[in-house]
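Only one structure is covered here, and it is reproduced in the block below.
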Amino acid sequence: FSSFGQSDKSTPDTVDSTKNKGQKTQTYIPNSFIESEFKYTDSAGKEVIIQNSGARGGGNIDGDRDPNAVRGYDDSTGTHYGHGIFWTRIINETNSPLEFSINFPADSLSISPPPDNYLKLFLLPDAMRVDKLSSYNYGITGLRSFFDNNFDKPTGLQTKINPNEEYFFYITTLIHMPDQRGPITAEVVLEEQNLFYKVSVTGIGTKLIPIGQLVFKKSKQ
2 FSSFGQSDKS
12 TPDTVDSTKN
22 KGQKTQTYIP
32 NSFIESEFKY
42 TDSAGKEVII
52 QNSGARGGGN
62 IDGDRDPNAV
72 RGYDDSTGTH
82 YGHGIFWTRI
92 INETNSPLEF
102 SINFPADSLS
112 ISPPPDNYLK
122 LFLLPDAMRV
132 DKLSSYNYGI
142 TGLRSFFDNN
152 FDKPTGLQTK
162 INPNEEYFFY
172 ITTLIHMPDQ
182 RGPITAEVVL
192 EEQNLFYKVS
202 VTGIGTKLIP
212 IGQLVFKKSK
222 Q
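Under the numbering used here, the very last position in the sequence shown is 222; numbers go up by exactly one each time.
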């Protein structure tokens, strides 16, 4: 057993806060906050579930709803970026741990023929706050300082998701698109053991960006 079967993308159901006897509870999240859900089945019929949120952002990265505030972020060269924040949850319903890793490069990533449209991806260190799901930027503050300090640095993580546990993480994007023609969607997807970030821009197309791995680790007997 080294990979998961075909994904099943379905309309998300509301996630139950209770599990079967002997299992740990999952965080309750109303399905209105889940933009996409993928289910991957192992050889024993157990599932790994990946849920992705919709985007927050596009306005003032300082978290101020002031309509007159400056939108987005300017880097040290004066290049202007819009920003978006997404969260992802991975639920391990299998009987074995999952080794989970993500690595985002320091370089910008093209999402159309260069040099016009590109983005930068970052992992945020913030812990998931379910009570902030309805808040501006999901309640995340200090983004300007974070970008100032991490703009030219790679970000990543490596952890283990035990059986019947879940893991949340935030991804934030800086997007430079002078010819943007429509809204942006993004989601984490799994193919075999490889994780990809699927970014779709209306009028431009879809980009599948390799970002890491989700590897089954057989428990010692």
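The beta carbon of each residue, even a glycine, is placed where N, CA and C say it ideally should be.
For clarity, every value in this text was computed on a predicted model and none was experimentally measured.
- In the three-state scheme derived from DSSP, where H, G and I count as helix and E and B as strand, Arg130 is classed as coil.
- Under the 10 Å beta carbon count, Tyr29 is surrounded by fewer than 16 other beta carbons and is classified as exposed.
- Around the beta-carbon of Val131, fewer than 16 other beta-carbon atoms lie within 10 Å, marking it exposed.
- The beta-carbon separation of Lys121 and Thr174, rounded to 7 Å, stays under the 8 Å limit for a contact.
- Annotated three-state conformation of Asp149 is helix, per DSSP.
- Rounded to the nearest whole angstrom, the CA to CA distance from Val189 to Gly79 is 30 Å.
- A check of alpha carbon separations from Phe217 across Asn118, Thr156 and Thr42 identifies Thr42 as the nearest.
- Thr186 is positioned such that its CB atom lies no closer than 8 Å to that of Phe105.
- Spatial neighbours of Ser111 in its own chain (CB-CB distance under 6 Å, excluding positions within 5 residues in sequence) are listed in chain order as Tyr119.
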